[in-house]
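Participant: Dropping the structure in here first, questions after.
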Amino acid sequence: MSKLSIITINYNNASGLQRTIESVAAQQYSDMEYIVVDGGSTDESLEIIKQHEKFINKWVSEKDNGIYNALNKGIKMATGNYLLFLNSGDHFYDSAVLNKYHHHIEKEDLIAFDIHFFGPGYNKIGKHIDNLNFTFLFEDTFAHQSIFIRRNLFDKVGLYDETLKIVADWKFFIHAIVFHRSTYKAVHEVLSTYYLDGISGSPEGVILRNKERKTILKNDFSLFYDDYINAKKNRKLLAMNRFVMLQQLEKSYLGRKCSSLVLKFMTQFS
């Protein structure tokens, strides 16, 4: 049985923090430590931490230098074999997930569970990819609320890059897999719920994320970046050409008769 460290960072989100702490406290998994890193909140967060101290193994409330500085503090405090970052507001999917699924948390460096995304007009289960590929690593990322990370991976790869505002976890994952050949598996069971109200989900967050990602890709993967962008453009161009062809076909009687056959042919051999 692996010892698990659950790490929650928080800043002035008292109601979300309470929801997260209660979710962790409800778990019945026996070999777990819970760490709360608060950024010196000025709301009721500190009172909530103290009210739930019997469920928290370690906590600190002090000014930090941003999200990843707070996460790095939690990593340094952790003693578990595997770490999970469940930020304030997020919570486990139900009260028994760790007991039900802990047997999956072994051997691999990264173990990614499914995640419940929830927000205004949005309620969806997200599934991590089964077999990693470079396109996924370039364009997507893992939901950190649902991925357990082996603790010693931070010794090999390093802590989160605190010069980044929003994609340091993505940078960590891509470096771990590409440069350190970290092992990975997806487990299709829902572990946690993520509320779509954080910085990464805002329009400003999307712009910042794309900007930081582009910088990392050009700096760290310059040999592949231009080829990848060109290939992406070619795929878009090919898709546009196919769409124009289908439009022309649809304009003729014969085209309407055979367009489905052409579409089937192009799909089969693309």
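When we follow numbering that gives the first Met the number 0, the leftmost residue of the sequence shown carries the number 0, and every step to the right adds one.
Ideal Cβ positions, reconstructed from N, Cα and C, are used throughout, including at glycine.
Measuring CA to CA, which of D42, I48 and I5 is closest to S29?
Facilitator: Checking every option, the nearest Cα to that of S29 belongs to I5.
Participant: If I follow the unbroken beta strand (DSSP E) through H102, where does it start and stop?
Facilitator: No beta strand (DSSP E) contains H102, which DSSP labels as neither H nor E.
Participant: Is it true that the CB of L216 sits closer than 8 Å to the CB of F137?
Facilitator: Taking 8 Å as the Cβ cut-off, F137 and L216 qualify as a contacting pair.
Participant: Thinking C-alpha only, which one of G120, P119 and L109 is nearest T140?
Facilitator: Selected option, being the one with the closest Cα: L109.
Participant: Using a 10 Å radius around the Cβ and a threshold of 16 neighbouring Cβ atoms, would you call A24 buried or exposed?
Facilitator: With fewer than 16 other Cβ atoms within 10 Å, it is exposed.
Participant: Quick check on the DSSP output: what are the complete alpha helix (DSSP H) runs of length 4 or more inside the segment 107 to 190, in order along the chain?
Facilitator: If we require 4 residues or more, the alpha helix (DSSP H) runs fully inside the segment 107 to 190 come out as 133 to 138, 152 to 156 and 167 to 177.
Participant: Do N80 and S40 have their beta-carbon atoms positioned less than 8 Å apart in this structure?
Facilitator: Cβ atoms of S40 and N80: not closer than 8 Å.
Participant: Check M76 in the structure and name its three-state DSSP category.
Facilitator: It is helical.
Participant: State the Cα-Cα distance for the pair S221 and H101, rounded to the nearest angstrom.
Facilitator: Going by the C-alpha atoms only, they are around 39 Å apart.
Participant: Closest by CA to F116, which one among Y193, E32, A13 and G15?
Facilitator: Answer by Cα proximity: Y193.
Participant: Does the beta-carbon of N64 have 16 or more other beta-carbons within 10 angstroms, so that it is buried, or is it exposed?
Facilitator: So N64 ends up on the exposed side.
Participant: Spell out a yes or no on whether the segment 113 to 129 and the segment 39 to 54 are touching, meaning 3 or more CB-CB pairs, one atom from each, closer than 8 Å.
Facilitator: Counting Cβ pairs under 8 Å, fewer than three are found: no touch.
Participant: From L97, L70, Y67 and Y92, pick the residue whose C-alpha is nearest to that of R18; which is it?
Facilitator: Nearest C-alpha to R18: Y92.
Participant: Alpha carbon to alpha carbon, how far is F178 from W58?
Facilitator: Looking at the two C-alpha atoms, the distance is approximately 33 Å.
Participant: Helix, strand or coil, according to DSSP, for K57 in the structure here?
Facilitator: Correct three-state label for K57: strand.
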